[in-house]
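All letters in the sequence shown, in the order written, are residues 129 to 353 by the numbering used here. Ideal Cβ placement from N, Cα and C applies to all residues, glycine included. In what follows, a structure is listed as structure tokens, so that the remarks can point back to it.
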Amino acid sequence: MSEPVSMIDLQAILQVSSARHKHLCPRQVLGARIALAGAAVLRLELPRTDKRLLVIVETDGCFADGVEVATACTVGHRTLRVEEEALEVDEAQVEARLEANREQHAGWTEVTHPSAYGDMLNIDVKSVLVTEDGAENAEETVVLNETDWDVTPDQENPIEPAGFDEELLGLKAGDDKEFILAWPAEGQSIHAGKRARFAGHFKHQVAQMKRFEAQTLGRACARHQ
């Protein structure tokens, strides 16, 4: 039985590996050291000059180069095998990735249908605090005062106070709307327990059009590999 390989051989192995790989990186060192450590445990002589050792690595790239040089086992000699774990992707994951890329590459176009969740609306809006009966306070307290505000009603992440997004639905360009909303008394807002009158003028809206071609999808997916 052969004597275990000493780590003294590591420098010589790394010289060959770096020359083959055009540079030396930590993964080559790791691959070479693991190969030498495995040989020491099994009391094997490296590098091999026969085909009696089969090495299986679970990753390719620089690590495998270090293993290959240290062991002299190669794919061509069928003494080195790369067995990466199969990637399992279900239909829901594929659809989620497609939807994310559709969102990323989508464009906006002006529309005339009544405003809906997901549309981007351009509005002028002003709100002031009011009393329980809807009358303005003696001293006007402005809560919101926006001009040319681009806002998108979102059912999952609504704007405070509750109900604001819903009040923006069903509108068309040129519409004016006034409504009163309240903040919960137990809420964290500085206006907790108060009411405000909102007066808005709806200018125009655009909707996100998810036109997505296969060529665009291919480029997007390639960037995520």
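Proximal residues to residue i (C-beta, below 7 angstroms), its chain only, five neighbours per side dropped
{"i": "L142", "result": "L152, Q156, V157, A160"}
{"i": "V144", "result": "V197"}
{"i": "T187", "result": "E212"}
{"i": "T259", "result": "N265"}
Which listed residue (the options) has its alpha carbon closest to that of residue i
{"i": "A244", "options": "L226, D293, V203", "result": "D293"}
{"i": "T269", "options": "W277, K254, H332", "result": "K254"}
{"i": "F307", "options": "G166, A263, V144", "result": "A263"}
{"i": "A320", "options": "P154, A335, Q333, P289", "result": "P289"}
{"i": "P154", "options": "V258, G189, V169", "result": "G189"}
{"i": "G204", "options": "E219, K179, A220", "result": "K179"}
{"i": "E295", "options": "E227, P242, R225", "result": "P242"}
Under 9 angstroms between C-beta atoms of residue i and residue j
{"i": "D303", "j": "F330", "result": "yes"}
{"i": "L297", "j": "P286", "result": "no"}
{"i": "N265", "j": "V256", "result": "yes"}
{"i": "L172", "j": "L138", "result": "no"}
{"i": "V185", "j": "F191", "result": "yes"}
{"i": "G246", "j": "A324", "result": "no"}
Proximal residues to residue i (C-beta, below 8 angstroms), its chain only, five neighbours per side dropped
{"i": "T202", "result": "E196, L208"}
{"i": "R148", "result": "D193, V197"}
{"i": "L174", "result": "V133, D137, A163, L164, A167, A198, T199, A200"}
{"i": "S317", "result": "E288, P289, W311"}
{"i": "R176", "result": "T199, A200, C201, T207"}
Supposed close pair residue i, residue j - CB separation, criterion 8 angstroms
{"i": "K300", "j": "G328", "result": "In fact, because the Cβ distance is near 13 angstroms, the residues do not count as touching under 8 angstroms."}
{"i": "E238", "j": "H332", "result": "6 angstroms"}
{"i": "D252", "j": "D276", "result": "7 angstroms"}
Cutoff 6 angstroms; reference residue i; Cβ partners in own chain excluding five residues on either side
{"i": "D278", "result": "M248, N250"}
{"i": "T344", "result": "Only weak support exists for where T344 lies, its pLDDT of 47 falling under 50; the value from the coordinates is given anyway. Excluding residues within five positions, the ones whose Cβ falls inside 6 angstroms are H233."}
{"i": "S146", "result": "L152"}
{"i": "E284", "result": "none"}
Per the contact definition of three or more C-beta pairs closer than 8 angstroms, is the region 200 to 213 in contact with the region 221 to 231?
Under the three-pair Cβ rule at 8 angstroms, the region 221 to 231 does not count as touching the region 200 to 213.
Inter-stretch contact at 8 angstroms, needing at least 3 Cβ pairs: the region 210 to 221 / the region 307 to 314:
Counting Cβ pairs under 8 angstroms, fewer than three are found: no touch.
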